[in-house]
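In what follows, a single structure is set out as structure tokens and then discussed.
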Amino acid sequence: MSVSSSVSGLLPRLGEALGRVLPPIGGGISIRLPLPTGKDDGLVNAVPKKKTSHRKKRQRQLAGKKQIHPLNNLNRCPSCGNYKRAHTLCMHCVSQIQRLWRQRDQQEAEAKRDPGSVYNEDQLDEVDKRILYPGKHESDYEKKLKERHEYILSRPRTLPVNRTPKAPKVTRPRE
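Mapped onto the UniProt record's numbering, the consecutive letters of the sequence shown carry residue numbers 1 to 175.
Following this line, the structure appears as structure tokens:
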């Protein structure tokens, strides 16, 4: 017994059963359900014949530029010595600059609130700085950064690429 014959026998019986259970709609109109034709009924469209293997799936997912490539453009920051990508800002230096900007903005805001308390931070001695900025403690790393001119001699650059000219190909005539 095939699937199409069982379905085709089931649908008319379902229509008759619904006609008996439901009251007639608008003067004796019965419910008729369309029968599947067996050919283009939409039950088997767009279904893969076989499971895609792990290898094929990964080849598709990682094709072309989707792969993770190693970074070959790393340099050292000329000011602090941390690693950074070439032609970009060093994140360590950027965070220090942002911290300085925040301090400057806070000082300007304090100066606007109380104009009589304007002072120059460069003229303060170390004791006054510790009193004014009690939370700020200079770590060994920051002390070493202040002395960076001693251990960073010059800006390191990437190695030059020497391109050697290729020998011309010798083509032999076919015999």
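All C-beta atoms in this analysis are idealised placements derived from N, C-alpha and C, irrespective of residue type, glycine included.
Report task. Note down the Cα distance separating ASN73 from CYS90, rounded to an integer number of angstroms. Result -> The residue given as residue 73 occupies position 73 in the sequence shown. The residue given as residue 90 occupies position 90 in the sequence shown. C-alpha separation (whole angstroms): 13 Å.
**Report entry** Extent of the continuous alpha helix (DSSP H) run through ARG174
**Finding:** For the purposes of this step, residue 174 is taken as residue 174 along the sequence shown, with counting starting at 1. Premise fails: ARG174 is in no alpha helix (DSSP H) and is neither H nor E.
**Report entry** Exposed unless 16 or more other CB atoms sit within 10 angstroms - verdict on LYS84
**Finding:** Position 84 of the sequence shown, counting from 1, holds the residue named residue 84. Label assigned to LYS84: buried.
Query - Residues bridged to LEU71 (per DSSP) - result: As a working note, residue 71 is residue 71 in the sequence shown. In the DSSP output, where bridge partners are listed per residue, LEU71 has none listed.
Requested in this report: Starting from LYS84, trace the beta strand (DSSP E) both ways and give me its first and last residue.
Outcome: Residue numbering aside, residue 84 sits at position 84 when the sequence shown is read from its first letter. 83-85 is the span of the beta strand (DSSP E), which, as asked, contains LYS84.
Query raised in the report: Terminal residues of the continuous alpha helix (DSSP H) containing TYR133?
Result: Taking the sequence shown and counting its residues from 1, one reaches residue 133 at position 133. Note, TYR133: premise wrong, no alpha helix (DSSP H); not H, not E.
Query raised in the report: With respect to the alpha helix (DSSP H) encompassing HIS137, which residues constitute its N-terminal and C-terminal limits?
Result: Stepping through the sequence shown from its first residue, residue 137 is reached at position 137. Taken as a continuous stretch (DSSP letters only), HIS137 belongs to no alpha helix (DSSP H), as it is neither H nor E.
Requested in this report: Mind checking who ARG76 pairs with in its DSSP beta bridge?
Outcome: For the purposes of this step, residue 76 is taken as residue 76 along the sequence shown, with counting starting at 1. TYR83.
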